[in-house]
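Peer 1: Numbering (our numbering), first residue to last: -16 to 178.
Every residue gets a Cβ at the ideal spot worked out from N, C-alpha and C, and that includes glycine.
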Amino acid sequence: MQITPGKLYFLHGRHVAFTGLSTVVGHILHHEVRTVEDFNEKPAYLYTTSMTPLSEVQEICSDLFPIGTMVRSTLGNNVENALVGKVTGYEYKTNRVIVVSSKIAKYSDQRCRYSYGINELVPYTEPKLSFDIIGGIYLINMKDTVMAVDELFHPGYVSLVYTEGQQSSKRMVPMNGTLEQYIKLGIHTIEYLEG
């Protein structure tokens, strides 16, 4: 993390600013910080200075993820099922980001508010999934090799021709679909190989 003078950071329930002074304590570089806001129940550190290692300081959640930003959770090992949603607020006391899921209507319990630490989220942009090169060879779902063939009677669609051994099969899909459309069709990844 790069220290920016005058910028606020998060440290154990309070917002602090670096003063510019540094010292080594037990072979670890410590920086002096001044508490500007204290969110603890008993604010005891307001306007005081203390020495702290850089590893204990975090960037403030609102600086990293502004309201309205689309984000994806990094928790778990299945990217397809990771929470994707919009930043709607913050918990300043814990430096957490409040996210409302983009799939709220699909949840049976209608739970919509989730709280994440800044290291548990990444900015999210809708991936571009398309079969825009007619005659191109694509790898879908990291295992099936297909060829995209123009659908003459259905503009905006292509036929995917699967070839396995001596047999081939095909199915029609949108040329430029959304992530949700492709997931409903069982397509989670598209990689262009050649064409």
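Determine, using beta carbons only, whether E42 and Y97 come nearer to each other than 8 Å.
Peer 2: Locating residue 42 in the sequence shown gives position 59, counting from the first residue. Locating residue 97 in the sequence shown gives position 114, counting from the first residue. Cβ distance not < 8 Å, so E42 and Y97 don't count as in contact.
Peer 1: Spatial neighbours of F48 within its chain, please: C-beta separation below 7 Å, excluding the five flanking residues on both sides.
Peer 2: Counted from its first residue, the sequence shown places residue 48 at position 65. Once the five neighbours on either side are set aside, the close Cβ partners of F48 are V54, V70, V80 and L104.
Peer 1: Looking only at its own chain, which residues have a Cβ that is under 7 Å from the Cβ of Y121, when we skip the five neighbours before and after it?
Peer 2: Position 138 of the sequence shown, counted from the start, is the residue given in the question as residue 121. Once the five neighbours on either side are set aside, the close Cβ partners of Y121 are F114, V129, A131, I173, E174, Y175 and L176.
Peer 1: Give the range of the alpha helix (DSSP H) segment to which L162 is assigned.
Peer 2: The sequence position of residue 162 within the sequence shown is 179, counting from 1. First-last of the alpha helix (DSSP H) with L162: L162 to K167.
Peer 1: Looking only at its chain, what residues have a beta carbon closer than 7 Å to the beta carbon of P(-12), apart from the 5 residues adjacent to it on each side?
Peer 2: Within the sequence shown, residue -12 is the residue found at index 5, counting from 1. Contacts found: F1 and G3.
Peer 1: Buried or exposed for S215, please, with buried defined as at least 16 other CB atoms from any protein chain shown within 10 angstroms of its CB.
Peer 2: For residue 215 there is no data in the structure shown, the boundaries of the chain being -16 and 178.
Peer 1: Per DSSP, F(-7) forms a beta bridge with which residues?
Peer 2: Your numbering for residue -7 matches position 10 in the sequence shown. H(-2) and Q41, per the DSSP bridge assignment.
Peer 1: How far does the beta strand (DSSP E) with I123 in it reach, from first residue to last?
Peer 2: Residue numbering aside, residue 123 sits at position 140 when the sequence shown is read from its first letter. Its beta strand (DSSP E) spans residues I120 to I123.
Peer 1: Mind pulling the alpha helix (DSSP H) runs of 4 or more residues that sit fully within the region 1 to 75?
Peer 2: 44 to 47
Peer 1: Using a 10 Å radius around the Cβ and a threshold of 16 neighbouring Cβ atoms, would you call D184 buried or exposed?
Peer 2: The requested residue 184 is not part of the displayed model; the chain covers only -16 to 178.
Peer 1: For E163, which of N78, L112, L29 and L(-6) has the nearest alpha-carbon?
Peer 2: For the purposes of this step, residue 163 is identified with residue 180 of the sequence shown, where counting begins at 1. Among N78, L112, L29 and L(-6), the Cα nearest to that of E163 belongs to L112.
Peer 1: Output yes or no for whether 8 Å exceeds the beta carbon distance between H14 and T35.
Peer 2: Position 31 of the sequence shown, counted from the start, is the residue given in the question as residue 14. Position 52 of the sequence shown, counted from the start, is the residue given in the question as residue 35. A contact, by the Cβ cut-off of 8 Å.
Peer 1: Could you tell me which residues DSSP puts in a beta bridge with I81?
Peer 2: Counting from 1 along the sequence shown, the entry for residue 81 is found at position 98. Looking at the DSSP assignment, I81 forms a beta bridge with G72 and S98.
Peer 1: Counting only the same chain and skipping the five closest in sequence on each side, list residues whose C-beta sits under 7 Å from that of N159.
Peer 2: As a first step, residue 159 must be located in the sequence shown, where it is residue number 176. For N159, where only same-chain residues beyond five positions count, the Cβ hits under 7 Å are S113 and D115.
Peer 1: E24 and L(-6) - do their beta-carbons sit closer together than 8 Å?
Peer 2: Here residue -6 refers to the residue found at position 11 of the sequence shown. Here residue 24 refers to the residue found at position 41 of the sequence shown. Not in contact: L(-6) and E24 (Cβ atoms no closer than 8 Å).
Peer 1: If the criterion is Cβ atoms closer than 8 Å, does the pair P157 and G169 meet it?
Peer 2: Residue mapping note: residue 157 aligns to position 174 of the sequence shown, counting from 1. Residue mapping note: residue 169 aligns to position 186 of the sequence shown, counting from 1. The Cβ-Cβ distance between P157 and G169 does not fall below 8 Å.
Peer 1: Below 8 Å on the Cβ atoms is my guess for I117 versus V141; work out the distance and round it to an integer in Å.
Peer 2: Here residue 117 is taken as the residue at index 134 of the sequence shown, counted from 1. Here residue 141 is taken as the residue at index 158 of the sequence shown, counted from 1. 7 Å between Cβ atoms; contact.
Peer 1: Please state the DSSP three-state secondary structure of E103.
Peer 2: What you label residue 103 is simply residue 120 of the sequence shown in a count that begins at 1. Helix at E103.
Peer 1: Out of M125, V144 and L12, state which residue places its alpha-carbon closest to the alpha-carbon of D133.
Peer 2: Here residue 133 refers to the residue found at position 150 of the sequence shown. Answer by Cα proximity: V144.
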